[in-house]
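Worksheet: one structure, shown below.
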Amino acid sequence: MLLPVVLSLPALAVALPNLQSRQDNVHHLPLTRRTTHRIGQYVDLERIAKSRDFLQYKYGLKSSEGIQRRASEAGISVINQGGDTSYLASVSVGTPSQSLDVVLDTGSSDLWFATTACTNCPTGTPEFDTSKSSSLNTSSQTIRLSYGSGTASGNLLQDTVSLGPYTISNQIFTGVTTLSDGLIDGSLAGILGLAFQNLAVSQATPFWEALVNAGELSSPEMGFYLTRFLDDATSSTETDPGGTFTLGGTNSSLFKGDIQFNEIPSGFQPSFWLQTVSGLTVNGNSVSIGSDADNIAAIDTGTTLLGGPTAAVEAFWAQVTGARQLSGANSGFWAFPCTTNVSSTLAFGGTAWPISADDMNLGQIAQGFCMGALFDVTQGAATSSGSPSWIVGDTFLKNVYTVFRAGDSPAVGFAELAVGSSDSSSPSTALPTVATTSTQAVPTPSTSAASVTTEITTSMSSSDNGGGVVVQTLTTVVQNTGSPTSTGATTSARVSGGAGLPTPSGSTSGASARTASGPATGFLSVALGAAIGIAALMLR
Numbered sequence: 057m058l059l060p061v062v063l064s065l066p067a068l069a070v071a072l073p074n075l076q077s078r079q080d081n082v083h084h085l086p087l088t089r090r091t092t093h094r095i096g097q098y099v100d101l102e103r104i105a106k107s108r109d110f111l112q113y114k115y116g117l118k119s120s121e122g123i124q125r126r127a128s129e130a131g132i133s134v135i136n137q138g139g140d141t142s143y144l145a146s147v148s149v150g151t152p153s154q155s156l157d158v159v160l161d162t163g164s165s166d167l168w169f170a171t172t173a174c175t176n177c178p179t180g181t182p183e184f185d186t187s188k189s190s191s192l193n194t195s196s197q198t199i200r201l202s203y204g205s206g207t208a209s210g211n212l213l214q215d216t217v218s219l220g221p222y223t224i225s226n227q228i229f230t231g232v233t234t235l236s237d238g239l240i241d242g243s244l245a246g247i248l249g250l251a252f253q254n255l256a257v258s259q260a261t262p263f264w265e266a267l268v269n270a271g272e273l274s275s276p277e278m279g280f281y282l283t284r285f286l287d288d289a290t291s292s293t294e295t296d297p298g299g300t301f302t303l304g305g306t307n308s309s310l311f312k313g314d315i316q317f318n319e320i321p322s323g324f325q326p327s328f329w330l331q332t333v334s335g336l337t338v339n340g341n342s343v344s345i346g347s348d349a350d351n352i353a354a355i356d357t358g359t360t361l362l363g364g365p366t367a368a369v370e371a372f373w374a375q376v377t378g379a380r381q382l383s384g385a386n387s388g389f390w391a392f393p394c395t396t397n398v399s400s401t402l403a404f405g406g407t408a409w410p411i412s413a414d415d416m417n418l419g420q421i422a423q424g425f426c427m428g429a430l431f432d433v434t435q436g437a438a439t440s441s442g443s444p445s446w447i448v449g450d451t452f453l454k455n456v457y458t459v460f461r462a463g464d465s466p467a468v469g470f471a472e473l474a475v476g477s478s479d480s481s482s483p484s485t486a487l488p489t490v491a492t493t494s495t496q497a498v499p500t501p502s503t504s505a506a507s508v509t510t511e512i513t514t515s516m517s518s519s520d521n522g523g524g525v526v527v528q529t530l531t532t533v534v535q536n537t538g539s540p541t542s543t544g545a546t547t548s549a550r551v552s553g554g555a556g557l558p559t560p561s562g563s564t565s566g567a568s569a570r571t572a573s574g575p576a577t578g579f580l581s582v583a584l585g586a587a588i589g590i591a592a593l594m595l596r
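Under our numbering, the residue at position 310 of the sequence shown is numbered 366, and the numbers go up by one with no gaps.
In C-alpha cells:
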C-alpha cells in the first residue's frame, strides 16, 4: 500500500482555531440527503457498483496563545442526499463566507471543495470562488485523492472555514481543479473528513481535531443521528432533511439509555474509527464470523452500505431463502425475494444492535427481486493487511445514535434511538439462536465442471407492456468452465497495523463503458460498467 504523500507547506501556516469567546450552548443544524438512487422503479445498479468501488479504493483494497474562551458544543443539521447515499452539512469558507454542502465522512480525514478553477466539474456543482476571498492563502503543492468512481485533484489552500458556530481561521484544504466524471453531482461541493490526522493525504489537521486540540469543545465528541429516506415518488427535490450532527457533545433528546462505548482495538494507531464486530445474526440465527482479528470494522458515515468479508457475507445470505449472488459489475452483492423481510443484528462489545429490514433492502432490481445492503467488500479486490474487514456505513448507522469520542482512549459508542426518532428495535445482549440447518440460497455449482451466475437484464418495455416502463429480470446461467467452480474463494481482508490509508493516485473511473449494438427491433444495448453479469441495459 502506498503511504500518503508527505508535503512541505512553506506557504501555509498551521491551522489554528479562531479563538473567539463562545457561549456554552447547543446548535442544531439540519443535515441534507439526496433523492433516491433509482432508475424508475428499480435500483440504479451502476451507482451501487460505484459505491462498492469507492469503498475499495478508500480503504486500500484497490491501488490505485489567545483570547479567553469557553468550550462549547453544537448540533449541526444534516442533509440526506441520494436516498441515504450521502449525508451533507453546510460549511462556510472564505471572507466573505461562501456556503457549500459537503459530505460528513468519518472514513476519511481530508477536506476539499470544488473551486471555480475546476475545468471539468459537473454543470451546477457548487464551487468555492477563490477570487472572492480576501483571506485566502495559496500554495503550489498539489494533492490527488483517488476513489473508485474517480479522482479529485488540486492545490492546497488555506482560508477561514466555519461549521455551525465554530471557525478555524487558517484551515488547510484542497481546492479541487480537476474532477473525474461521476465523483460528485447534485448539490455536493466536497467532503469534510472526520477521521484522524494520520489518515490525511494532505497531512493537514482535520477541522474537528483542530477544535479538540485547542479545547474549543465541551467534550471531544461527535454525535450522529441519521434519518431514513421516505422514498416519496412525488418529491421534485434532490435533498431531504437528514438528521443532526452534534460537535462537542451529544444530543440527549435523540437517544435513550446509556451510550455503550468500545475503545479502538489495541495495537492500532488512530486513523479510521475502528471497532471489532463481535457478532452477526440473520432471521434469529447466528452467523459464523471467525476471530476478532478477522473482524476489524471501520465506522464510516460517508458510506451508504454495509460491507463485510467473504465468508461472513456468504454465510449470512445462505440463511435467506431464495437469495442469489450477483455477478459482473455487481459481483459481491446479493438479491433476494422482495417479499422477504431480512431481520438482522450486528454486535459490538457483546451488544447486538438490530438493523431495520427496510435498511437491509436497497430496493427492487428486477421483478420480484431486491438488492441486499450487506455485500462482500473484498469481491474483485486485492486483500490488504492495512484495510478493515468490515465497512459499517449508513445501513447500520441509521438504526443507532452514534458517538465518536477522541482523547487518550479514542472510542465509538452506540445508543438506542429515542422513541419517535426511528422505528428500529432495542439492542440485545442475549445469545442468538444457532441454526441447526440453513437454506443454501445460492445456486450450487454442479460437479460436472460448471459455474452458476445470476444475471440482471434491464430493458425498456414495448408499448404493449406499459410503454416505456423499465423492466429487469434475473436469470440463472450455467457456464462450462472446464473444472468445478468454488464459490467464496476470496480471502477476507485483515487489519494488522491500522494503516489502511487512502491511495494517493492510480484510480480507475467508475463511468460506464458504452457500446452500441442490439437487435433489429431498434433497441440500443448499453453495457453497464464492466457489464452486469453479461446483461445489457436495453434502451429504445
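Glycine included, each C-beta is placed from N, C-alpha and C at the ideal position.
If you're wondering where the values come from, they're calculated on a predicted model, not measured in any experiment.
| Check | Outcome |
| --- | --- |
| Validate contact between the region 147 to 159 and the region 173 to 193 using beta carbons, cut 8 Å, 3 pairs | yes |
| Simplified DSSP state of threonine 216, which is helix, strand or coil | strand |
| Local conformation of alanine 474 per DSSP, three classes | coil |
| CA-to-CA distance, threonine 401 to glycine 313, given in whole angstroms | 19 Å |
| Same chain, Cβ closer than 6 Å to valine 338, five either side skipped, listed in chain order | Phe372, Gln375, Ser400 |
| Rounded C-alpha distance that separates aspartate 157 from alanine 349 | 37 Å |
| Proximity of isoleucine 224 and leucine 267 at Cβ, strictly below 9 Å | yes |
| For leucine 336 and aspartate 241, the rounded distance between their alpha carbons | 34 Å |
| Straight-line Cα distance separating phenylalanine 431 from threonine 541 | Model confidence at threonine 541 stands at a pLDDT of 35, short of 50, so the residue's coordinates are unreliable; what they give is reported in the following sentence. Those two C-alpha atoms are separated by around 20 Å. |
| Three-state secondary structure (DSSP) of leucine 160 | strand |
| Reduced DSSP category for phenylalanine 25 - H, G, I as helix; E, B as strand; rest coil | Absent from the structure is residue 25, since the part of the chain shown begins at 57 and ends at 596. |
| Exposed unless 16 or more other CB atoms sit within 10 angstroms - verdict on glutamine 316 | buried |
| Three-state class that DSSP yields for threonine 234 in the structure shown | strand |
| Buried or exposed (CB count within 10 angstroms, at least 16 for buried), glutamine 423 | exposed |
| For tyrosine 281 and lysine 52, the rounded distance between their alpha carbons | Since the first residue shown for the chain is 57 and the last is 596, residue 52 is missing from the structure and cannot be characterised. |
| Of the residues Asn351, Arg461, Gly340, the one placed nearest serine 274, counting alpha carbons only | Arg461 |
| Where the beta strand (DSSP E) containing alanine 462 begins and where it ends | Counting along the chain, alanine 462 falls outside any beta strand (DSSP E), and DSSP gives it neither H nor E. |
| As assigned by DSSP and simplified to three states, the class of phenylalanine 317 | strand |
| Cβ pair phenylalanine 229, leucine 167 closer than 9 Å | yes |
| Simplified DSSP state of leucine 255, which is helix, strand or coil | helix |
| Pairwise C-alpha distance: proline 276 and tryptophan 329 | 14 Å |
| Per-residue burial, glycine 271 [other beta carbons within 10 Å of its own, 16 or more giving buried] | exposed |
| Residue from Asp415, Ser309, Asp237, Thr357 with nearest C-alpha to arginine 284 | Asp415 |
| Local Cβ density within 10 Å of asparagine 386, reported as buried at 16 or more and exposed below that | buried |
| Status (buried if at least 16 other CB within 10 Å, exposed otherwise) for serine 243 | buried |
| Per-residue DSSP class, three states only, for lysine 454 | coil |
| Cβ distance (whole Å) where asparagine 417 is taken to contact valine 398 below 8 Å | 7 Å |
| Cβ neighbour criterion (16 or more within 10 Å) applied to glycine 556 | With a pLDDT of 30 at glycine 556, under the threshold of 50, the predicted position of this residue should be treated as unreliable, and no value is reported. |
| Contact check, leucine 362 vs threonine 451, beta carbons under 9 Å | yes |
| Residue span of the beta strand (DSSP E) that contains tryptophan 373, given as start and end | It is not in any beta strand (DSSP E) - tryptophan 373 instead sits in the alpha helix (DSSP H) that spans 366 to 374. |
| Continuous beta strand (DSSP E) stretch holding valine 398: start and end | Looking at the DSSP string, valine 398 is not in any beta strand (DSSP E), and its letter there is neither H nor E. |
| Isoleucine 355 to serine 164 span [Cα, whole Å] | 11 Å |
| Distance between serine 412 and serine 383 (C-alpha atoms, nearest Å) | 26 Å |
| Contacting residues, own chain, Cβ-Cβ under 8 Å from leucine 201 (five flanking each side not counted) | Asp166, Trp168, Thr207, Ala208, Ser209, Thr230, Val257, Pro558, Pro560 |
| Proximity winner among Glu472, Val343, Ser146, Tyr143, relative to leucine 310 (alpha-carbon distances) | Glu472 |
| Opening and closing residue of the beta strand (DSSP E) in which aspartate 432 lies | 430 to 432 |
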